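Going line by line, the protein sequences match chains D and Z. Here the numbering used here is used: the first residue of the first sequence is 1, the next is one more, and so on. Here the numbering used here is used: the first residue of the second sequence is 1001, the next is one more, and so on. For reference, the structure discussed in these notes is given below.
2 protein chains.
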Amino acid sequence: MSEYQVFGHTNPDTDTIASAIATSYLLNNLYKWDTQAVALGTPNEETTFALNYFKVQAPNVIKEAETEKVVLVDHNEAAQSVTNLSDVTVASIYDHHKFNFSNSDPLYIVAKPWGSVATILYFEFKNNNVEIPSEIAGLMASAIISDTLLLKSPTTTDVDKIALEELAKVAGLENYKEYGLELLKAGTNLENKTEEELLNGDAKTFTMSGRTIRIGQVNTVDIDSVLSRKDKLLAAMDKQMQKNGFDDFLFVITDILNSNSKAIFQGEDLAFVEEAFSIKADNHIIDLPGVVSRKKQVVPPLEESFK
Amino acid sequence: MSEYQVFGHTNPDTDTIASAIATSYLLNNLYKWDTQAVALGTPNEETTFALNYFKVQAPNVIKEAETEKVVLVDHNEAAQSVTNLSDVTVASIYDHHKFNFSNSDPLYIVAKPWGSVATILYFEFKNNNVEIPSEIAGLMASAIISDTLLLKSPTTTDVDKIALEELAKVAGLENYKEYGLELLKAGTNLENKTEEELLNGDAKTFTMSGRTIRIGQVNTVDIDSVLSRKDKLLAAMDKQMQKNGFDDFLFVITDILNSNSKAIFQGEDLAFVEEAFSIKADNHIIDLPGVVSRKKQVVPPLEESFK
C-alpha cells in the first residue's frame, strides 16, 4: 500500500482519470511522495479509448480511501469524493472547479480556472522541470480534448491550447484533431447503455441553498435519439431521486458537434430552473441553445437562481 | 482605482503586508492584471521597521474592498478578511493556512504548507521568470524572518531557508541574521502599548464547533513583564469578549529568544483549552513550553479538543 491515494471525482471522466495518473507521477518524482492513482468508478468508454490507445492500465477502483493521507484532483467538494473524506487528511488538491473545502491543517493547493486539470498539471511538470512520459502526455492531451470538446467549449482558455499542442507532441500524436474526434465519438456510443447508465455516467451532486440537485450530462451527436427515451429516463430519475434524496434532477444532453444542449428536468424546483435559464420547460424538456459546459453554463446560473 | 485590490488578513503582520505588495507586483507583471496592494490595518512596529529599511510606502488601509474583484493573501477565511467579502469576487488566493473557503466560480489558488506566503511567492516569481525588485525582495525576506522567527519556528521548512537566502541576496542584505534580530526586536517593544493594543496586535477570530474563539499573540524577550499586567489584560479581554461576542479569549505571549510561551485565558471553555494542551491553568495562566506557532501548535490542538 502506498502512503497516499490520488483520485478524482465519482463518476470519473477522462480528465479525472488522466489527472490522477499524472498527479501521482508528478508527486512521486517532484516531492518523492509514495502515491498511487486510484479511481472512484470504472472508466467510461471515452476514457477507456484513451487508456487503450496509450496502453495505460485503468486505475484500481475504490469507494473509501485506504490511506490516511490523500490527494484530490479535479474536485474539492466532499459530495463528489470518497465516502470517508472527513476521516482522512487531504495533503494536496489540484482542481479547476469552484471551491467548497475546509480542513484543519495547511495543505498544498494548485487551482486555476482553466479548461482542464491536465492543463494545470502540464505547467506544474514544466515549471518544476519534471519530464512527462509519452503515455501520460497522451492521457493528459485526451483530458484536455475531453473537457474542452476539442478546444470548442467556453471553458477553453489560451493555455489549454498551448498545453494540448505541447502534450500532443510529447505523446507522438501527429494529428490531435483527428485523434480528438475519435476520442469524443467513443464517448457518445449511448445506444447500448441503460437509462441508469446514461444518468449516472457523469452525474454530480450539488447543494444549493439547502436543496440537493443532481446534474448529469451526456455527450452525443444525436440529441433526438436520447430524447426518444424520455419516459424511461424520467422513471429512472424518479427512482434515483427517491433512493438518494435528491430534490431535483437535471439531465443535460449535449450535441458536441453543434455545441447545443437540451435537458430533461424532474423535481420540485422547476421555477428556479426556468428562472436560471430564462426559459419555460416544455413537458420536462428545457432547451439550452449554445450550452455545452455544466461547470460554466449550467451550475452558475442555477446557483444564482437558487440564492 | 485599480481593477483588483490585493490584501492580507486583519491585524496585518509582516508576511501579510509584504505578500500583498509582492503579489500585486507579480500579478501586474505575470498576468497583466491591474492590481493594487492594500491593508486591513496599519502596519505594526516590526513591519514599519521593514518598510522603512527598504524604503517602501505602507499600503492604504481599507475595511471594505473597494473593487469588485479581489485577491486574498495570507488568509482565506471570511472572519479574517474585508467586511464585504461575500459581495465581491475572489479571483485568486495565495496562502499557507488551513482552508475554510467556498465560492461559486473557478479561481486561482496557490497554497502550500510552508513557513510564510513570501516563500510561496518567491517560487512563483522564480518559476514564472518574473524578476523581483530588490526592495520587494527585502520585504519578502523580512516576512520569512518574521513568520519563522529567523527559521526557528516549527513551521519552518527547507524551502523557507532556500527562499530567505536567495531573497536576502537580491535585497542586498549582507547579513540577514543580524538584520533579522533587529527586525524581530523592533516588534517586541511592548511597554508603550495599551492592553487593547497588545491584545489586538495580531489577534484572529476562529470558529470551532460553533464557538467563537479569539486568539492573540505577542512576541517578547521578557514574558514576565507582560504577565505583570495580567489583571489589566483580563479586564480588557472581558470588555472585548462582551463587545464582540467572543466566547473565549486566549492571549499567547511568546519568548522569541527561548522559544517558549505562556498564555492568559478567559472564557467559558477552559476545560477544552486545558484538554487541548494537557495542562491545568493556574489562575488564568497556561504554561506552553516549546510553543511558538499559533498556526501549528495552538490552533490544531484546540480544534481537536473542541470537536
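Note that CB positions come from ideal geometry on N, CA and C, so glycine has one too. Treat the numbers as computed from the prediction; the structure is a model and nothing was measured.
Where does residue i sit, in a helix, a strand or coil, going by DSSP?
i: I144(D); result: helix
i: I1279(Z); result: coil
i: V61(D); result: strand
i: A1039(Z); result: strand
i: G1138(Z); result: helix
i: K307(D); result: coil
i: M1241(Z); result: helix
i: N44(D); result: coil
i: K204(D); result: strand
i: T119(D); result: helix
i: I132(D); result: coil
i: K1288(Z); result: First, the amino acid is wrong: residue 1288(Z) is Leu here, not Lys. Strand.
i: S261(D); result: strand
i: F272(D); result: helix
i: N29(D); result: helix
i: F101(D); result: strand
i: Y1229(Z); result: One detail in the question is off: residue 1229(Z) reads as Arg in this sequence, not Tyr. Coil at R1229(Z), not helix or strand.
i: T1194(Z); result: coil
i: K55(D); result: coil
i: L149(D); result: coil
i: D312(D); result: The shown model of chain D, from 1 to 307, leaves out residue 312(D), and the question about it has no answer.
i: T1083(Z); result: coil
i: G1187(Z); result: coil
i: E1174(Z); result: coil
i: P1301(Z); result: helix
Among all the DSSP beta bridges, which residues are the ones paired with residue i?
i: Q1266(Z); result: F1249(Z)
i: I93(D); result: L72(D), I109(D)
i: Q1217(Z); result: V1252(Z)
i: Y1004(Z); result: T1035(Z), K1069(Z)
i: R211(D); result: M208(D)
Compute the minimum distance between the beta carbon of residue i and the heavy atoms of the ligand SAH, and state whether it is under 8 Å.
i: A79(D); result: This structure simply doesn't include the ligand SAH, nor any ligand for that matter.
Where does residue i land, buried or exposed, given buried means 16+ other C-beta within 10 angstroms?
i: I279(D); result: exposed
i: I162(D); result: exposed
i: T1083(Z); result: exposed
i: D308(D); result: Any question about residue 308(D) goes unanswered here, given that chain D covers just 1 to 307.
i: T1035(Z); result: buried
i: Q242(D); result: exposed
i: K1063(Z); result: exposed
i: A1271(Z); result: exposed
i: L121(D); result: buried
i: Y1031(Z); result: exposed
i: N128(D); result: exposed
i: P1106(Z); result: buried
i: N1219(Z); result: buried
i: M237(D); result: buried
i: T1010(Z); result: buried
i: S328(D); result: Chain D is shown from 1 up to 307; residue 328(D) falls before or after that span and cannot be answered.
i: T1194(Z); result: exposed
i: K1295(Z); result: buried
i: P1289(Z); result: exposed
i: T207(D); result: exposed
i: A1141(Z); result: buried
i: A65(D); result: buried
i: K1307(Z); result: exposed
i: K1177(Z); result: exposed
i: D1095(Z); result: buried
i: D354(D); result: Residue coverage of chain D in this structure runs from 1 to 307, which leaves residue 354(D) outside it and unanswerable.
Do residue i and residue j have their CB atoms nearer than 9 Å?
i: N1260(Z); j: V1291(Z); result: yes
i: E1046(Z); j: S1146(Z); result: yes
i: I93(D); j: T188(D); result: no
i: A1111(Z); j: D1015(Z); result: no
i: Q240(D); j: V298(D); result: no
i: D74(D); j: D202(D); result: no
i: P301(D); j: F277(D); result: yes
i: E1326(Z); j: K1069(Z); result: The structure shown has nothing for residue 1326(Z), since chain Z only spans 1001 to 1307.
Is it true that the region 79–90 of chain D meets the region 1079–1097 of chain Z, where meeting means three or more beta-carbon pairs spaced less than 8 Å apart?
no
Is there contact here, the region 1043–1054 of chain Z with the region 281–289 of chain D, by at least three beta-carbon pairs under 8 Å?
no
Just checking, does the region 220–227 of chain D make contact with the region 150–165 of chain D on the three C-beta pairs under 8 Å criterion?
no
Inspect the CB distances between the region 1016–1024 of chain Z and the region 1114–1129 of chain Z and report whether three or more fall short of 8 Å.
yes
Would you call the region 265–273 of chain D in contact with the region 245–255 of chain D, where contact means no fewer than 3 C-beta pairs closer than 8 Å?
yes
Any 3 or more C-beta pairs closer than 8 Å across the region 36–45 of chain D and the region 56–68 of chain D
yes
Report yes or no: do three or more beta-carbon pairs, one from the region 1158–1177 of chain Z and one from the region 1129–1144 of chain Z, lie closer than 8 Å?
yes
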